[in-house]
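Numbered according to the working numbering, the sequence shown spans residues -19 to 173.
All remarks here apply to the structure that follows.
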Amino acid sequence: MNDKRKIDINKDDPIYYENICPNWYKASKDLVAIQESNQSDNLIFAQFFFLWSSFNALYNLAGASGTWEINRMEGLIDRLDVEDINKFFKEAKNSCDYFIKERDLIKDMKRYLYKEEPLEKMDIHAIRKNYEKNRNTKENMKNIIRIVYRVRNNLTHGSKEMRGDDILIIKKAIPILKSTTRIIAKRVFSVSL
């Protein structure tokens, strides 16, 4: 994204990045202990939603009213530096590899109910090629977030279930959300999670 189209960040209402984002992030951490003691995968879905709510509190502050959610997310990623991008890919490497290299994204794209979103316009083969050539780029991080956004939409709109492969998909999306939210909160909003 060039500077002429840079998405503005609204820091006028700190309740979003000082309270809402950290509180949802902390709630997701609290669920981990409960989940481990229960030996159940059911809470993994709640953890995903808690993390998504934390991330949502940040990207809602990006862009003007009417800006698409995915453009808001990408606008925040554009504000990250090389160190942030490298940190993200170090923290979330296994999950990123899973979605880019291991998943049949073309098949996954056909299994959704929420049709009007940018992932269907993505060239999966080009994404894989770029990822293998040079993983640690903003464009690759944006592609990963687009994929996790699809996971969120599938879950929210009823195309994911609490069983089988869907549990693994949610488990793999969680480290991506954790890392993205923590890095953006620190870089863009100066909040440590």
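All residues carry an ideal CB built from backbone N, CA and C; glycine is no exception.
Just so we're clear, the structure is a prediction, and the values are computed from it rather than from any experiment.
Proximity winner among the options, relative to residue i (alpha-carbon distances)
{"i": "Leu31", "options": "Ala153, Arg130, Gly144 and His105", "result": "Ala153"}
{"i": "Tyr39", "options": "Ile(-11), Thr117 and Asn74", "result": "Ile(-11)"}
{"i": "Thr160", "options": "Ile(-13), Lys67 and Trp48", "result": "Lys67"}
{"i": "Ser33", "options": "Lys122, Asn(-1) and Ala13", "result": "Asn(-1)"}
{"i": "Glu54", "options": "Ile124, His137, Asn133 and Ile150", "result": "Ile124"}
{"i": "Ile150", "options": "Asn22, Lys9 and Ala44", "result": "Asn22"}
{"i": "Leu11", "options": "Leu173, Gln27, Ile50 and Arg83", "result": "Gln27"}
{"i": "Ile65", "options": "Lys122, Ala7, His137 and Phe169", "result": "Lys122"}
{"i": "Ala49", "options": "Val128, Gln15, Cys76 and Phe25", "result": "Position check: residue 49 holds Glu in this sequence, whereas Ala was assumed. Ranking the options by Cα distance to Glu49, first place goes to Val128."}
8 Å contact criterion, which residue i and residue j should meet: CB distance rounded
{"i": "Phe35", "j": "Leu157", "result": "6 Å"}
{"i": "Arg108", "j": "Ile80", "result": "6 Å"}
{"i": "Arg115", "j": "Phe69", "result": "6 Å"}
{"i": "Tyr(-3)", "j": "Ala37", "result": "7 Å"}
{"i": "Val171", "j": "Cys1", "result": "7 Å"}
{"i": "Lys166", "j": "Asp58", "result": "Incorrect: roughly 16 Å between the Cβ atoms, too far for contact."}
{"i": "Lys118", "j": "Leu60", "result": "7 Å"}
{"i": "Ile147", "j": "Ile24", "result": "6 Å"}
N-terminal and C-terminal residue of the alpha helix (DSSP H) that residue i is part of
{"i": "Pro(-6)", "result": "Neither: Pro(-6) is in no alpha helix (DSSP H) and is coded neither H nor E."}
{"i": "Met142", "result": "Here Met142 belongs to no alpha helix (DSSP H), and DSSP marks it neither H nor E."}
{"i": "Asn36", "result": "Asn22 to Tyr39"}
{"i": "Lys113", "result": "Ile104 to Lys113"}
{"i": "Phe68", "result": "Val62 to Glu71"}
{"i": "Asp58", "result": "Careful: Asp58 lies outside any alpha helix (DSSP H) and carries neither H nor E."}
{"i": "Asn3", "result": "Cys1 to Asn18"}
Beta-bridge partners of residue i, as assigned by DSSP
{"i": "Gln42", "result": "This sequence places Ala at residue 42; Gln is not what is there. Beta-bridge pairing links Ala42 to Ile(-11)."}
Neighbour flag for residue i against chain D, beta carbons, 9 Å
{"i": "Asn66", "result": "No chain D is present in this structure, which holds just one protein chain."}
Heavy atom of the ligand PLP within 8 Å of residue i beta-carbon
{"i": "Ile0", "result": "Looking at this structure, you won't find the ligand PLP or any other ligand, since it has none at all."}
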